[in-house]
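K.L.:
Next up is a structure, given as structure tokens.
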Amino acid sequence: MNGRRTPVPRRSALRASAGALLAGAGTAGCTQDDTATPALQKGQKGQKPPVAVRTAPAPHRFPGRPVQIEHGPRNRNRVALTFHGQGDPALARTVLAEAERAGARLTVLAVGSWLDEHPEMARRILDGGHDLGNHTQRHLDINAMDEAQAYAEITGCAQRLHRLTGSIGTWFRPSRAQHATPLVQNLARRAGYAHVLAYDVDSLDFTSPGVAAVTRKVAGELRNGSVVSLHFGYRDTVAALPLLLTEIDRRQLRAVTTTELLT
Numbered sequence: 068m069n070g071r072r073t074p075v076p077r078r079s080a081l082r083a084s085a086g087a088l089l090a091g092a093g094t095a096g097c098t099q100d101d102t103a104t105p106a107l108q109k110g111q112k113g114q115k116p117p118v119a120v121r122t123a124p125a126p127h128r129f130p131g132r133p134v135q136i137e138h139g140p141r142n143r144n145r146v147a148l149t150f151h152g153q154g155d156p157a158l159a160r161t162v163l164a165e166a167e168r169a170g171a172r173l174t175v176l177a178v179g180s181w182l183d184e185h186p187e188m189a190r191r192i193l194d195g196g197h198d199l200g201n202h203t204q205r206h207l208d209i210n211a212m213d214e215a216q217a218y219a220e221i222t223g224c225a226q227r228l229h230r231l232t233g234s235i236g237t238w239f240r241p242s243r244a245q246h247a248t249p250l251v252q253n254l255a256r257r258a259g260y261a262h263v264l265a266y267d268v269d270s271l272d273f274t275s276p277g278v279a280a281v282t283r284k285v286a287g288e289l290r291n292g293s294v295v296s297l298h299f300g301y302r303d304t305v306a307a308l309p310l311l312l313t314e315i316d317r318r319q320l321r322a323v324t325t326t327e328l329l330t
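Structure below.
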């Protein structure tokens, strides 16, 4: 993938808008792991992923990286924009299209119940060249669950991803938490995920603070290797994304998938 984005015709106008919104803001080799859990394999025996859906990459193992990854290398000009996959699919498609027009690639952590309602989104995400991962089945507070409940949340979403794409997804991120507890980390590994994906920049877009606030919050904390938490389903995020991409370009950073960020 070519991580550099090709300028679009409205880039100059966007850069000017971004400058106004950002006034006062601070500047703040891998091997593939194809392991699936015995429970997952047993639960899907005899099932085949739909032929119309593109096969997703399996989870990767990054030697030397901790189980819970919060950011990428600080010595490379790359960042990862990660999205919680839930909400109005029309807004999600708008986000994906905006990123693709700018040459950016995203990481989408999908909620299993969202995929149940909108299974076509799995293909849309993969066809755009984005990472697709697991954000639990029901998006509840997984860190507050007991072992059986938490494992069911992880494997429930993994099974849906596998049915739609032939893979349990590239990443796992805990729901309603920036970081996973040691128990949830262990359960994710048992389910086949070598790493848990956390983040170091929280956009707070889910609080609907307004476009300017989302843009300033991310721009003020963004730096080499940052993993940014964003959400589908919020109009502030849709409106802020072009400005964020312009700011990323102005700083000569590249918005890449988390897999590329760490590779």
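Under my numbering, the first residue of the sequence shown is numbered 68, with each subsequent residue one higher.
Each residue gets a CB set at the ideal place from its N, CA and C atoms; glycine is no exception.
(1) Arginine 182 to alanine 123, Cα distance in whole Å?
(2) Taking contact to mean 3 or more Cβ pairs, one atom from each stretch, closer than 8 Å, check whether the segment 271-284 and the segment 249-259 are in contact.
(3) Let's see if you can read the secondary structure: which residues bound the beta strand (DSSP E) around threonine 33?
(4) Can you have a look at proline 105 and say buried or exposed, based on whether 16 or more other CB atoms are within 10 angstroms of its CB?
(5) Quick one: what does DSSP say glutamine 204 is sitting in, helix, strand or coil?
(6) Could you check the C-alpha separation between arginine 71 and serine 242 for me, to the nearest Å?
(7) I need the straight-line Cα distance from valine 305 to glycine 179, nearest angstrom please.
(8) Assign asparagine 201 to one of two classes, buried (16 or more other C-beta atoms within 10 Å of its C-beta) or exposed (fewer than that).
(9) For the alpha helix (DSSP H) that leucine 163 lies in, which residues bound it at each end?
(10) Per the DSSP calculation, alanine 265 is bridged to which residue(s)?
(11) Which residues bound the beta strand (DSSP E) around alanine 178?
(12) Out of Thr222, Glu220, Ala217, His151, point me to the one whose CA is closest to isoleucine 192's CA.
(13) Go to histidine 298, then tell me how far its beta strand (DSSP E) extends in each direction, as first and last residue.
(14) Since isoleucine 235 sits in a beta bridge, which residues does DSSP pair it with?
P.N.:
Put simply:
(1) Walking along the sequence shown from the start, residue 182 turns up at place 115. Walking along the sequence shown from the start, residue 123 turns up at place 56. This sequence places leucine at residue 182; arginine is not what is there. Using only the alpha carbons, I get a separation of about 15 Å.
(2) no
(3) The question about residue 33 has no answer, for the chain in this structure spans 68 to 330.
(4) What you label residue 105 is simply residue 38 of the sequence shown in a count that begins at 1. Any reading at proline 105 needs caution, since the residue's pLDDT is 32, under 50, leaving its predicted position unreliable; the model's value is listed next. Proline 105 comes out exposed.
(5) Position 137 of the sequence shown holds residue 204. In this structure, glutamine 204 counts as coil in the three-state DSSP scheme.
(6) As a position in the sequence shown, residue 71 is number 4, starting the count at 1. As a position in the sequence shown, residue 242 is number 175, starting the count at 1. With a pLDDT of only 41 at arginine 71, under the threshold of 50, the placement of this residue in the model should not be trusted; the figure read from the coordinates follows. Roughly 31 Å between the two C-alpha positions.
(7) Against the sequence shown, residue 305 aligns to sequence position 238. Against the sequence shown, residue 179 aligns to sequence position 112. Each residue's Cα considered, the two are about 22 Å apart.
(8) Position 134 of the sequence shown holds residue 201. It counts as buried.
(9) Here residue 163 refers to the residue found at position 96 of the sequence shown. Per DSSP, leucine 163 belongs to the alpha helix (DSSP H) from 156-168.
(10) In the sequence shown, counting from the first residue as 1, residue 265 sits at position 198. DSSP, once it has assigned bridges, lists no residue as partnering alanine 265.
(11) Here residue 178 is taken as the residue at index 111 of the sequence shown, counted from 1. Going by the sequence as given, residue 178 is valine instead of alanine. Run containing valine 178: none; DSSP gives neither H nor E here.
(12) By one-based count along the sequence shown, residue 192 stands at place 125. With distances taken between Cα atoms, isoleucine 192 lies closest to His151.
(13) Within the sequence shown, residue 298 is the residue found at index 231, counting from 1. Taken as a continuous stretch (DSSP letters only), the beta strand (DSSP E) holding histidine 298 covers 294-298.
(14) For the purposes of this step, residue 235 is identified with residue 168 of the sequence shown, where counting begins at 1. Partner(s): none; isoleucine 235 has no beta bridge.
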